[in-house]
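Heads up: the structure comes next, in C-alpha cells.
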Amino acid sequence: MAESLQDLLHRLAPLLVDGSPHAQTLGLALDGLGPGRATMRAPYRKDLVGDPETGVLHGGVVTALLDHACGVAAFSGLGAKETPATLDLRIDYMRPAQPGKDIIAEAECVRAHGLIAFVRATAHDGDESDPVATAQAAFMVTRPSKEAAERVKTAIAEGKL
Amino acid sequence: MSDDLIRTLLEVPYVSKFGVRFERRGDELTGVLPYAEHLVGNPLVPALHGGAVGAFMEVVASGALLAAQPLMRLPKPIDVAVDYLRPARPQDVYARAVIGRSGSRVANVRVEAWQNRRDAPVATLHGHFLIKPVPADS
Numbered sequence: 000m001a002e003s004l005q006d007l008l009h010r011l012a013p014l015l016v017d018g019s020p021h022a023q024t025l026g027l028a029l030d031g032l033g034p035g036r037a038t039m040r041a042p043y044r045k046d047l048v049g050d051p052e053t054g055v056l057h058g059g060v061v062t063a064l065l066d067h068a069c070g071v072a073a074f075s076g077l078g079a080k081e082t083p084a085t086l087d088l089r090i091d092y093m094r095p096a097q098p099g100k101d102i103i104a105e106a107e108c109v110r111a112h113g114l115i116a117f118v119r120a121t122a123h124d125g126d127e128s129d130p131v132a133t134a135q136a137a138f139m140v141t142r143p144s145k146e147a148a149e150r151v152k153t154a155i156a157e158g159k160l
Numbered sequence: 000m001s002d003d004l005i006r007t008l009l010e011v012p013y014v015s016k017f018g019v020r021f022e023r024r025g026d027e028l029t030g031v032l033p034y035a036e037h038l039v040g041n042p043l044v045p046a047l048h049g050g051a052v053g054a055f056m057e058v059v060a061s062g063a064l065l066a067a068q069p070l071m072r073l074p075k076p077i078d079v080a081v082d083y084l085r086p087a088r089p090q091d092v093y094a095r096a097v098i099g100r101s102g103s104r105v106a107n108v109r110v111e112a113w114q115n116r117r118d119a120p121v122a123t124l125h126g127h128f129l130i131k132p133v134p135a136d137s
C-alpha cells in the first residue's frame, strides 16, 4: 500500500527543520505537521533579542519563523515532494512579543495547485487570538527545488539520509 | 544622523550574532551580511534562508533611516513585503535602501539585496517603519 501523506510527513518531519542550518541556529522546532498545515516554535533566547532595553525578540526571528512555517505548510500542501521556494512573504507586525515567551507560528496552506502554493500564518506567544504578527506568502516549486529533491532521493537510496 | 543608534542597532544581540555591518559614505549606507554556514536555509539547493535575507533587509532599512536623519529611538517595523527573485547563494549579501517618504511618525522604505551583480537582485523589501524623529527645535 502506498504511504499516506501523513505517514510521509511524519517520516520527513525531522529533516524539515534539522536539515536547515539557519532554522537550527535560531532553535526553531516543528511542533505539529499535517496535510497543508505546520506549527513551529521559536524559543525565547537572549542571543536573539532585538531590543536590549525591553528584551523583546528581534523581528528577524519572527520573519524567519514565519518564512519557515509557511514553507513547511506549502511543502505539505503540495504533496511533500519538493521543497518550494518563497516567491513573496508579507508580514504585519501587530505588537512586540512578550519577553521571556516562545513565539509560535501556525501556518495553513490555503491553496496548492501545480507548482504554486498560497499560505497564511499567524504568530503568537500563547494566545492565538492576540497575534504578534500575521503573514501571507506564495511559494513555487522551482528548477532548483526539483534538482534538490532529486539529490534527496539519491541520498536516501544511497543510505546517506 | 543618529550615529549612536546605528552602533546600538549593530550591537543588538540578534544583529551582532549574524555579523551584519554597514559601509557608509555620508548619508548613503550599504549593508553587508557576511556569509556563514548558519545562514543557509536549504543546503540541498544550496540557498540562504529567506528569513535571514528578509531580516537582513529589515536591519538595512532601519540603518538607512538612522543614517538619513536624527531619530530618538530605533525604527520599528509595522509591515514588510519581501519578494524573493532568485536563490541567494552561499556567499555575502549586500543591500541598500531607498527612503520613499519619511514623515513625523512613519517612514516608507524600499530595500534591494544583491550578491554578484547589483542589477540582478536576489530579493527586494518594501515596508513601513514607525519612527520618532528628534524635534526640529532641539
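Protein chains in written order, with numbering that gives the first Met the number 0: chain E, 0 to 160; chain F, 0 to 137.
Backbone N, C-alpha and C define an ideal beta-carbon position, used for all residues, glycine too.
Given the structure is predicted, the values throughout are model-derived calculations rather than measurements.
Near residue 37 of chain E, what residues of its chain come up, given a Cβ to Cβ distance below 6 Å and the 5 sequence neighbours on each side ignored?
In the first sequence, the residue the question calls residue 37 of chain E occupies position 38. If we look at residue 37 of chain E and ignore the five residues flanking it on each side, its Cβ neighbours are 68, 71, 72, 106.
If you count every other CB in all the chains shown that lies within 10 Å of the CB of residue 3 of chain F, and 16 or more means buried, which is it?
Here residue 3 of chain F corresponds to residue number 4 of the second sequence, with the count starting at 1. Exposed, by the Cβ-count rule.
Would residue 21 of chain F and residue 32 of chain F qualify as a contact pair, given that the criterion is a beta-carbon distance under 8 Å?
Taking the second sequence and counting its residues from 1, one reaches residue 21 of chain F at position 22. Taking the second sequence and counting its residues from 1, one reaches residue 32 of chain F at position 33. Their beta carbons are not under 8 Å apart, which means residue 21 of chain F does not touch residue 32 of chain F by this criterion.
Please tell me whether residue 92 of chain E and residue 78 of chain F are closer than 8 Å, where the distance is taken between their beta carbons.
In the first sequence, residue 92 of chain E corresponds to position 93, counting from 1. In the second sequence, residue 78 of chain F corresponds to position 79, counting from 1. Going by C-beta atoms, residue 92 of chain E is nearer than 8 Å to residue 78 of chain F.
Does residue 24 of chain E come out as helix, strand or coil in the three-state DSSP assignment?
Residue numbering aside, residue 24 of chain E sits at position 25 when the first sequence is read from its first letter. Helix at residue 24 of chain E.
For the ligand HEM, is there a heavy atom less than 7 Å away from the beta-carbon of residue 107 of chain E?
Absence of the ligand HEM from the depicted structure is noted, as is the absence of any ligand whatsoever, leaving it without description.
Considering residue 99 of chain F, what are the terminal residues of the beta strand (DSSP E) in which it resides?
Within the second sequence, the letter at position 100 stands for residue 99 of chain F. That run of the beta strand (DSSP E) goes 92-101.
Write down the C-beta distance between residue 42 of chain E and residue 26 of chain E rounded to the nearest angstrom, noting that I regard them as a contact closer than 8 Å.
To locate residue 42 of chain E, count along the first sequence from 1; it is residue 43. To locate residue 26 of chain E, count along the first sequence from 1; it is residue 27. The Cβ separation is near 5 Å, so the contact holds.
Distance between residue 57 of chain F and residue 76 of chain F (C-alpha atoms, nearest Å):
Numbered from 1 along the second sequence, position 77 holds the residue referred to as residue 76 of chain F. Numbered from 1 along the second sequence, position 58 holds the residue referred to as residue 57 of chain F. The alpha-carbon atoms of residue 76 of chain F and residue 57 of chain F are separated by roughly 8 Å.
Give me the Cα-Cα distance between residue 45 of chain F and residue 122 of chain F, rounded to the nearest whole angstrom.
Here residue 45 of chain F refers to the residue found at position 46 of the second sequence. Here residue 122 of chain F refers to the residue found at position 123 of the second sequence. Roughly 16 Å separates the two Cα atoms.
According to the Cβ coordinates, are residue 96 of chain F and residue 117 of chain F closer than 8 Å?
Residue numbering aside, residue 96 of chain F sits at position 97 when the second sequence is read from its first letter. Residue numbering aside, residue 117 of chain F sits at position 118 when the second sequence is read from its first letter. In this structure, residue 117 of chain F does not lie closer than 8 Å to residue 96 of chain F by Cβ.
Got a sec? Which residues, its chain only, sit under 8 Å from residue 71 of chain F by beta carbon, not counting five neighbours each side?
In the second sequence, the residue the question calls residue 71 of chain F occupies position 72. Around residue 71 of chain F: 131, 132, 133.
Tell me whether the stretch 124-134 of chain E and the stretch 7-21 of chain F touch, counting them as touching only if at least three CB pairs, one residue from each stretch, are closer than 8 Å.
no
Provide the residue(s) that pair with residue 81 of chain F in DSSP beta bridges, ordered along the chain.
What you label residue 81 of chain F is simply residue 82 of the second sequence in a count that begins at 1. Answer is E:88, F:124, bridged to residue 81 of chain F.
So, is the C-beta of residue 39 of chain F closer than 8 Å to a C-beta in chain E?
Here residue 39 of chain F refers to the residue found at position 40 of the second sequence. Chain E contact via Cβ: present.
In the DSSP assignment, find the unbroken beta strand (DSSP E) run with residue 39 of chain E in it and report its ends.
Residue 39 of chain E sits at position 40 when you count from the first residue of the first sequence. Per DSSP, residue 39 of chain E belongs to the beta strand (DSSP E) from 36-41.
Identify, in the order they occur along the chain, each residue of the same chain with its Cβ nearer than 7 Å to the Cβ of residue 103 of chain F, setting aside the five sequence neighbours on each side.
Here residue 103 of chain F is taken as the residue at index 104 of the second sequence, counted from 1. 132.
Just to confirm, is the Cβ distance from residue 8 of chain E to residue 75 of chain E under 8 Å?
Within the first sequence, the letter at position 9 stands for residue 8 of chain E. Within the first sequence, the letter at position 76 stands for residue 75 of chain E. Yes, the pair counts as a contact, with Cβ atoms nearer than the cut-off.
Select from F:125, F:66, F:105, F:48 the residue whose C-alpha is nearest the C-alpha of residue 138 of chain F.
As shown, chain F starts at 0 and ends at 137. That puts residue 138 of chain F outside it, with no answer to give.
Could you pull the start and end residues of the beta strand (DSSP E) that residue 139 of chain E belongs to?
In the first sequence, counting from the first residue as 1, residue 139 of chain E sits at position 140. Unbroken beta strand (DSSP E) run through residue 139 of chain E: 132-139.
Among the residues of its own chain, which have a CB less than 8 Å from the CB of residue 52 of chain F, if the five just before and after it don't count?
The residue you call residue 52 of chain F lines up with position 53 of the second sequence. Answer for residue 52 of chain F: 32, 81, 83, 87, 92, 112, 121, 122, listed in chain order.
Since residue 77 of chain F meets chain E, which of its residues come closer than 8 Å, beta carbon to beta carbon?
Translated into positions along the second sequence, residue 77 of chain F becomes position 78. Neighbours of residue 77 of chain F on chain E, chain order: 91, 92.
Please list, in chain order, the chain F residues whose beta carbon lies closer than 9 Å to that of residue 59 of chain E.
Locating residue 59 of chain E in the first sequence gives position 60, where the first residue counts as 1. Result: 13, 14, 17, 50, 51, 53, 54, 55, 57, 58.
Boundaries of the beta strand (DSSP E) in which residue 18 of chain F is found, first to last residue
The residue given as residue 18 of chain F occupies position 19 in the second sequence. First-last for residue 18 of chain F: undefined, no H or E at that position.
For residue 100 of chain E, which residues in chain F fall below 8 Å Cβ to Cβ?
Along the first sequence, read from residue 1 onward, the residue named residue 100 of chain E stands at position 101. The premise fails here: residue 100 of chain E is roughly 16 Å from chain F at the closest Cβ pair, so nothing lies under 8 Å.
Taking just the CA atoms, how far does residue 158 of chain E sit from residue 98 of chain E?
Here residue 98 of chain E corresponds to residue number 99 of the first sequence, with the count starting at 1. Here residue 158 of chain E corresponds to residue number 159 of the first sequence, with the count starting at 1. So the alpha carbons of these two residues sit roughly 43 Å apart.
Would the beta-carbon of residue 79 of chain E fall within 8 Å of that of residue 139 of chain E?
As a working mapping, residue 79 of chain E is identified with position 80 in the first sequence. As a working mapping, residue 139 of chain E is identified with position 140 in the first sequence. Not in contact: residue 79 of chain E and residue 139 of chain E (Cβ atoms no closer than 8 Å).
Confirm, please, whether the CB-CB distance from residue 64 of chain E to residue 122 of chain E is below 8 Å.
Numbered from 1 along the first sequence, position 123 holds the residue referred to as residue 122 of chain E. Numbered from 1 along the first sequence, position 65 holds the residue referred to as residue 64 of chain E. Taking 8 Å as the Cβ cut-off, residue 122 of chain E and residue 64 of chain E qualify as a contacting pair.
What span of residues does the beta strand (DSSP E) with residue 6 of chain F cover, start to end?
On the second sequence, position 7 is the one that residue 6 of chain F refers to. Looking at the DSSP string, residue 6 of chain F is not in any beta strand (DSSP E); the run it does join, the alpha helix (DSSP H), is 2-10.
State the DSSP-derived secondary structure class of residue 30 of chain E, mapped to helix, strand or coil.
Looking up residue 30 of chain E in the first sequence gives position 31. Strand at residue 30 of chain E.
Closer than 8 Å, Cβ to Cβ, to anything on chain F: give me those residues from the stretch 42-75 of chain E, in chain order.
45, 46, 47, 48, 49, 50, 51, 56, 57, 58, 59, 60, 62, 63, 64, 65, 66, 67, 70
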